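Chains as they are written, first to last, in this note's numbering: chain A, 2 to 116; chain B, 2 to 115.
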Amino acid sequence: AQTVTQSQPEMSVQEAETVTLSCTYDTSESNYYLFWYKQPPSRQMILVIRQEAYKQQNATENRFSVNFQKAAKSFSLKISDSQLGDTAMYFCAFMKASGNTPLVFGKGTRLSVIA
Amino acid sequence: DAGVIQSPRHEVTEMGQEVTLRCKPISGHNSLFWYRQTMMRGLELLIYFNNNVPIDDSGMPEDRFSAKMPNASFSTLKIQPSEPRDSAVYFCASSLGWVNSPLHFGNGTRLTVT
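Here you go:
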């Protein structure tokens, strides 16, 4: 079975600074997908970024980027130029690349952006 | 598209009562997932369906929990009888079921059992 571990329950960052959220996972699969979801106080789950395991290039979406280390089974999220609206729970998630399979989530990191 | 629609948004009930949570997936999506979110356990998969057929219900905590998907546009999660430890946010999500298709979440139902 796959497991996803987020070792930082809470983090804080000053507005405009950069912060990195950690995520490690365990799997015997060779091909899979990794995701970061954001959950603001509104409770909505928002997809932030996605990485295919067969791609060596790290995914980037505007101020959000990942550091994907396949051998180390590590998938960290970097948020640059943090904004107050980035305050949320962030969940790392894993999905097997066989289609029609569910996401396995980590327990989340609560990020607070401080003005 | 309206997205995944869940109802009710909030539900408060007394222990022992039956609770039914509802979900309307995005039209055309053929995979549907029910998750439960608590502070202690995070997001746990309860059950998921492909083409209205339950594929894996190993996450359903007890026989008190049941889920149905009578057609492609509707699913229910029922708890009977409910207990205080069932208090959580319950999310429904849907996807196209392809390898690359992302999961779309509803806004969740916050259930409080007193």
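All C-beta atoms in this analysis are idealised placements derived from N, C-alpha and C, irrespective of residue type, glycine included.
These figures come from a predicted structure and were not determined experimentally.
Within a 10 Å sphere around the beta-carbon of A/Lys-39 sit 16 or more other beta-carbons, which makes this residue buried. Around the beta carbon of A/Gln-52, 16 or more other beta carbons lie within 10 angstroms, which makes this residue buried. Here A/Thr-102 is buried: its Cβ has 16 or more other Cβ atoms, across all protein chains shown, within 10 Å.
Interface residue (Cβ-Cβ distance to chain B less than 8 Å): A/Met-46 is classified as such. Cα atoms of B/Leu-78 and A/Glu-18: separation of roughly 42 Å, rounded to the nearest angstrom. Sorting A/Val-20, A/Gln-57, A/Ala-73 by C-alpha distance to the C-alpha of A/Thr-6 places A/Ala-73 at the top.
Ranked by Cα distance from B/Gly-29, the first of B/Ser-95, B/Glu-84, B/Arg-111 is B/Ser-95. Around the beta-carbon of B/Arg-86, fewer than 16 other beta-carbon atoms lie within 10 Å, marking it exposed. Counting the other CB atoms within 10 Å of its CB gives B/Val-13 a total below 16, which places it among the exposed residues. With at least 16 other beta carbons inside 10 angstroms of its own, B/Leu-47 counts as buried. For A/Arg-51, a Cβ of chain B is located within less than 8 Å of the residue's own Cβ. When Cβ pairs closer than 8 Å are counted between the two stretches, the region 8-28 of chain A is seen to touch the region 78-91 of chain A, the count reaching three or more. Taking 9 Å as the Cβ-Cβ cut-off, the region 100-115 of chain A approaches chain B at Gly-100, Asn-101, Thr-102, Pro-103, Leu-104, Val-105, Phe-106, Gly-107, Lys-108, Gly-109, given in chain order. Cβ-Cβ distances below 7 Å link A/Tyr-33 to Ala-54, Phe-95, Met-96, Lys-97, Ala-98 in the same chain, with the five nearest sequence neighbours on each side left out; the list follows chain order.
Against chain A, the beta carbon of B/Phe-66 has no neighbour under 8 Å; the closest one sits roughly 16 Å away. Along the region 47-102 of chain B, the beta strand (DSSP E) occurs as fully enclosed runs of 3 or more residues at 54-57, 66-72, 75-80, 89-96, listed in sequence order. Your pair A/Thr-88 and A/Val-67 does not check out as a contact, with CB atoms roughly 20 Å apart and the cut at 8 Å. Residues of chain A with a Cβ closer than 7 Å to the Cβ of B/Val-90 are, in chain order, Arg-44. The Cβ atoms of B/Asn-31 and B/Gly-107 do not sit closer than 8 Å to each other. Closest in C-alpha terms to B/Ser-76, from the list B/Met-40, B/Leu-33, B/Glu-84, B/Leu-112, comes B/Leu-33. B/Thr-115 is not a Cβ neighbour of B/Glu-19, given a cutoff of 8 Å. Distance from the CA of A/Ala-116 to the CA of A/Met-12, rounded to the nearest whole angstrom, comes to 14 Å. Rounded to whole angstroms, the Cβ separation of A/Gly-86 and B/Gly-43 is 23 Å, and the two are not in contact under 8 Å.
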